[in-house]
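Residue numbers for the sequence shown follow the numbering used here, so the first one is 117 and each next one is one higher.
By construction, the Cβ of each residue, glycine as well, lies at the ideal position given by its N, Cα and C atoms.
Worksheet for the structure shown next.
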Amino acid sequence: MMPGGGHDAVVIGAGAGGGAAAWQLCALGLKVLLLEAGPAFDPATDYPLTAPGWERHGFPAPPGSRAMLSYGDLGRLDPATEDLASWSRGGFPWRLPPGAPRPPSDVGYAHVQGVGGSTLHFVGEAHRLHPDAFCRHSLTGQGVDWPIGYNDLEPFYALAEEVTGVAGDGAPDGRPRSAPYPLPPHALGPGARALVAAGARIGQHWQVNPRAALSRPHDDRPACNYCGQCSRGCPLGDKGSTDVTYLRRAAATGRLTLVPGAIVTRLRTGPNGTIVRAEVVAGGRAQTVETPLLFLCAGAVQTPRLLLLSASADLPRGVANSSGQVGRNFMETLMWRSSGLVPGLTGSHRGLPADAICWAPDAGDPGGFRLNHTTLEAGLNGPIAYANRLLAGHGEALKAALRARFGSALAVGAIGEVVPDARSAVTLVPERRDALGLPVARISSVLTDTALARLRRMAAACRAVLAEAGAELAEEAGSRDAFTATHVFGTARMGRDPATSVADPLGCSHDHANLWIADASLFPGSGGGESPSLTIMALALRAARAAAGEGPPVSPY
Ligand SMILES: Cc1cc2nc3c(=O)[nH]c(=O)nc-3n(C[C@H](O)[C@H](O)[C@H](O)COP(=O)(O)OP(=O)(O)OC[C@H]3O[C@@H](n4cnc5c(N)ncnc54)[C@H](O)[C@@H]3O)c2cc1C
Ligand code: SF4
């Protein structure tokens, strides 16, 4: 049963953007109703990392915690790019013949529906976009420029770092800071140290990766214990997911009403073009809530879906869609990963995932991609992974190899810039419907020649540092073979021109004065592979402040 009225604002979605927006609105004195489609998780009981068979279990997926989806055109496996085919010593599940349609990855669109959204199983890399990412078109002729610059977000980056609890060392990375990181850096683990040393010999500068994981107690949360399982859910609550950071603080104001399991199905407009109410299904009952101020933060797939589902006789193209841009400009994750075994390396199964980063590994593609240490994210931290993916043989020989080589895996990941393409979009599929009878979202996403050329450079950079570290390659995987959706963007983008964008430079819909969008849909460009959550949070904090009538803090940059 939905609580009665009395709220000043409704926020849809409790992920990176929705959590940040809800807290900022509550902190500024507004009463907020937060509607979240998925369930609430309890970190202490829902992430059983110490249970037998832990290695076989990913992030839990209780009923209602995954959206139903459909896939359209994901491209084909071009025979000319066979050098970028995924492979593994243990056999590769996605391996398809050249020319076959590119499938979704084995985990598909793995984003979580729940209180905390996809921050529940994110790794917690906490990146600011590089200042050049906001003007990539001006600099390279590709993509579009953002309507804002780094200086507009800088104070909000600092605020997001404080609330989530980011640990970093502040070494130069081209991203000016008005304040030091709130927490000191984590020590690098054995794998990262091997990459720092090997990188230095081949001109790759590896450094501490800023991480939303506590290096000491902060904000009533304990320090990280380096269990290495961030993407399976953090049982300690030290990882900076939205549920234990923004939403805990928002609840403490006494002005937050959070309703898990509340699926918003449609937005309704009034005579003056504002959004007057949202239709919601909660606890099996269809209800409506008034929306004096509305923040839509359902992520880069469900936000455009809801706007398109809200089409009416007055708005046949959907809500906020006079430009026809809702759902277009979808950007997936351009990723590569190479893994191997390094003779003499020990202990690489321990530590903090993604502890080291190399920001600009390729002088020929500056800002186009970055590398990180990804042994733990790749799941190479348990004996089953070693036996299935890295080692050959059976029986006693396999056991002996496992004893000898456990802890010597080393993996390097790369994430690169994606430029919007007309073929890549989120649309509705009327013939495929979810449990509520509503058309599901269909993702189409095609890698351009530019993206594939960048992927080749990414693979080369990963292989180079691993070769220098002495690794025998055992496994490689990348976007060429499978659609990857870790970071997705662009389907309700911000811009100055209402004809080519959905929201204005603050995130307010060009078409509806009380509708704000504050999630990954807003991104006009993907950046150069930076992880997006800190930017999503900074955009949401800035939008919430503007919507509440507060001016932005003044940036020193
Ligand atoms: C495995 C993995 C690892 C990642 N690692 C990192 C990382 O290290 N660093 C980083 O910055 N990013 C990382 N990301 C990406 C990051 O998690 C996402 O970019 C981010 O969470 C997106 O934020 P959002 O607000 O756009 O959407 P989400 O966080 O996805 O939140 C959207 C919320 O809206 C809810 N919702 C959707 N539809 C409705 C509806 N109709 N009614 C009500 N509620 C609805 C959803 O249930 C969801 O909870 C990772 C992602 C994955 C999958
Ligand atoms: S490594 Fe640290 S942040 Fe990650 S799950 Fe373990 S305790 Fe949490």
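Task: Short Cβ contact (7 Å threshold) for G148 with A132 - done: Locating residue 148 in the sequence shown gives position 32, counting from the first residue. Locating residue 132 in the sequence shown gives position 16, counting from the first residue. Just to set this straight, residue 148 is Val in the shown sequence, not Gly. With respect to the 7 Å criterion, V148 and A132 are not classified as neighbours on the basis of their beta carbons.
Task: First and last residue of the uninterrupted beta strand (DSSP E) at I318 - done: Looking up residue 318 in the sequence shown gives position 202. Segment 306 to 318 is the alpha helix (DSSP H) holding I318; no beta strand (DSSP E) there.
Task: Contact set for L269: own chain, Cβ-Cβ below 6 Å, skip 5 residues either direction - done: In the sequence shown, the residue the question calls residue 269 occupies position 153. Cβ neighbours of L269 beyond the five flanking positions: A654.
- [ ] For the alpha helix (DSSP H) containing F411, list its first residue and its last residue.
- [x] Counting from one through the sequence shown, the residue named residue 411 turns up at place 295. Here F411 belongs to no alpha helix (DSSP H); instead the beta strand (DSSP E) covers 410 to 412.
Open item on the list: Is A329 close to ligand 2? I mean its beta-carbon at under 6 Å from any heavy atom of the ligand.
Closed with: Start at 1 with the first residue of the sequence shown, and residue 329 comes out as number 213. It does: the Cβ of A329 is within 6 Å (strictly closer) of some heavy atom of ligand 2.
Open item on the list: Going by DSSP in three states, Q87 sits in which element: helix, strand or coil?
Closed with: Examination of residue 87 is not possible in this model, given that the chain is present from 117 through 673 alone.
Task: Outcome for N437 when other beta-carbon atoms lying within 10 angstroms are tallied against a minimum of 16 - done: Against the sequence shown, residue 437 aligns to sequence position 321. Only buried fits N437, as 16 or more other CB atoms lie within 10 angstroms of its CB.
TODO: Report the rounded CA-to-CA distance for G467 versus E493, giving the unit in angstroms.
DONE: Taking the first residue of the sequence shown as position 1, residue 467 is located at position 351. Taking the first residue of the sequence shown as position 1, residue 493 is located at position 377. Rounded to the nearest angstrom, the gap between the Cα atoms of G467 and E493 is 11 Å.
- [ ] Could you have a look at C340 and say whether DSSP puts it in helix, strand or coil?
- [x] As a first step, residue 340 is located in the sequence shown; it is residue number 224 there, counting from the start. Coil, per DSSP.
- [ ] Indicate, with yes or no, if ligand 2 has a heavy atom lying under 6 Å from the CB of K515.
- [x] By 1-based counting over the sequence shown, the position of residue 515 is 399. Not so, every heavy atom of ligand 2 lies at least 6 Å from the Cβ.
- [ ] Give me the Cβ distance between L304 and L330, rounded to the nearest whole Å; I'm assuming they're in contact under 8 Å.
- [x] Indexing the sequence shown from 1 puts residue 304 at position 188. Indexing the sequence shown from 1 puts residue 330 at position 214. About 17 Å; that fails the 8 Å criterion.
Task: A659 vs G623 beta-carbon contact at 7 Å - done: As a first step, residue 659 must be located in the sequence shown, where it is residue number 543. As a first step, residue 623 must be located in the sequence shown, where it is residue number 507. Contact: yes.
Task: Stretch pair the segment 610 to 624 + the segment 251 to 264: three plus CB contacts closer than 8 Å - done: Flag = yes, the segment 610 to 624 and the segment 251 to 264 touch.
TODO: Go ahead and pull the three-state DSSP assignment for G133.
DONE: By one-based count along the sequence shown, residue 133 stands at place 17. In the structure shown, G133 adopts helical secondary structure according to DSSP, grouped into three states.
Task: Helix, strand or coil at G207 [DSSP, three-state] - done: Taking the sequence shown and counting its residues from 1, one reaches residue 207 at position 91. It is coil, neither helix nor strand.
Task: I559 beta carbon near ligand 1 (any heavy atom closer than 6 Å) - done: Residue numbering aside, residue 559 sits at position 443 when the sequence shown is read from its first letter. Outside the cutoff, so no.
- [ ] Mark T462 as exposed unless 16 or more other C-beta atoms lie within 10 angstroms of its C-beta, in which case mark it buried.
- [x] Stepping through the sequence shown from its first residue, residue 462 is reached at position 346. Result: exposed.
Open item on the list: Taking 7 Å as the threshold (C-beta atoms), are A328 and V279 in contact?
Closed with: On the sequence shown, position 163 is the one that residue 279 refers to. On the sequence shown, position 212 is the one that residue 328 refers to. Contact flag unset, no.
Task: Distance cut 6 Å, beta-carbon to ligand 2 heavy atom: residue list by chain order - done: Those residues, listed in chain order, are A329, C340, N341, Y342, C343, G344, Q345, C346, C350, L352, D354, K355, L468.
Task: Complete beta strand (DSSP E) runs within the segment 412 to 478 (minimum length 3 residues, chain order) - done: Every unbroken stretch of the beta strand (DSSP E) spanning 3 or more residues and falling wholly within the segment 412 to 478 is given here in chain order: 450 to 457, 472 to 474.
TODO: State yes or no: is the C-beta of H123 nearer than 6 Å to some heavy atom of ligand 1?
DONE: Stepping through the sequence shown from its first residue, residue 123 is reached at position 7. Distances from the CB of H123 to the heavy atoms of ligand 1 are all 6 Å or more.
Open item on the list: Is V380 a contact residue of ligand 1, with contact defined as CB to any heavy atom under 6 Å?
Closed with: As a working mapping, residue 380 is identified with position 264 in the sequence shown. At least one heavy atom of ligand 1 is nearer than 6 Å to the Cβ of V380, so yes.
Open item on the list: Assuming R291 is part of the alpha helix (DSSP H), what are its boundary residues?
Closed with: As a first step, residue 291 is located in the sequence shown; it is residue number 175 there, counting from the start. Run containing R291: none; DSSP gives neither H nor E here.
TODO: Check whether the Cβ atoms of P176 and D162 lie closer than 7 Å to each other.
DONE: Looking up residue 176 in the sequence shown gives position 60. Looking up residue 162 in the sequence shown gives position 46. In this structure, P176 sits near D162, with a CB-CB distance shorter than 7 Å.
TODO: Select from A580, I391, L311, G415 the residue whose C-alpha is nearest the C-alpha of T404.
DONE: Numbered from its first residue, the sequence shown carries residue 404 at position 288. The candidate whose alpha carbon is nearest that of T404 is I391.
TODO: Whole angstroms is fine: what's the gap from G495's alpha carbon to P469's?
DONE: Residue numbering aside, residue 495 sits at position 379 when the sequence shown is read from its first letter. Residue numbering aside, residue 469 sits at position 353 when the sequence shown is read from its first letter. In a straight line, the C-alpha of G495 is about 10 Å away from that of P469.
- [ ] Can you say whether P351 is buried or exposed, counting buried as having 16 or more other CB atoms within 10 angstroms of its CB?
- [x] Within the sequence shown, residue 351 is the residue found at index 235, counting from 1. Classified as buried, P351 has 16 or more neighbouring CB atoms from the shown chains inside 10 Å of its CB.
- [ ] Report the residue from F157, P271, L544 whose alpha carbon sits nearest the alpha carbon of L423.
- [x] As a working note, residue 423 is residue 307 in the sequence shown. Nearest option by C-alpha distance: L544.
Open item on the list: Output needed for R371: all residues of its chain with C-beta closer than 7 Å, excluding positions within five of it in sequence on either side, in chain order.
Closed with: Against the sequence shown, residue 371 aligns to sequence position 255. Taking C-beta separations shorter than 7 Å and ignoring five residues to either side along the sequence, the partners of R371 in its chain run C142, L146, K147, V148, following chain order.
Task: Three-pair Cβ contact test at 8 Å for the segment 195 to 211 versus the segment 588 to 602 - done: Yes, the segment 195 to 211 is in contact with the segment 588 to 602.
TODO: Would you mind reading off the limits of the alpha helix (DSSP H) that contains N325?
DONE: The residue labelled residue 325 in the question sits at position 209 within the sequence shown. Neither: N325 is in no alpha helix (DSSP H) and is coded neither H nor E.
Task: L657 and L410 closer than 7 Å at C-beta - done: Here residue 657 is taken as the residue at index 541 of the sequence shown, counted from 1. Here residue 410 is taken as the residue at index 294 of the sequence shown, counted from 1. It is not a contact, given that the beta carbons lie outside the stated cut-off.
- [ ] Check whether the Cβ atoms of T419 and A608 sit closer than 7 Å, and answer yes or no.
- [x] Position 303 of the sequence shown, counted from the start, is the residue given in the question as residue 419. Position 492 of the sequence shown, counted from the start, is the residue given in the question as residue 608. For T419 and A608, yes; Cβs fall inside 7 Å.
Task: Span separating the alpha-carbon of P640 from that of H489 - done: Within the sequence shown, the letter at position 524 stands for residue 640. Within the sequence shown, the letter at position 373 stands for residue 489. Annotation: P640 to H489 spans about 27 Å, alpha carbon to alpha carbon.
TODO: With hydrogens ignored, establish whether the beta-carbon of G240 is closer than 6 Å to any heavy atom of ligand 1.
DONE: By one-based count along the sequence shown, residue 240 stands at place 124. Taking 6 Å as the cut-off, the C-beta of G240 counts as close to a heavy atom of ligand 1.
TODO: Say yes only if the C-beta of Q403 is nearer than 6 Å to one or more non-hydrogen atoms of ligand 1, and no if none qualify.
DONE: Here residue 403 is taken as the residue at index 287 of the sequence shown, counted from 1. Checking the Cβ of Q403 against ligand 1 gives no.
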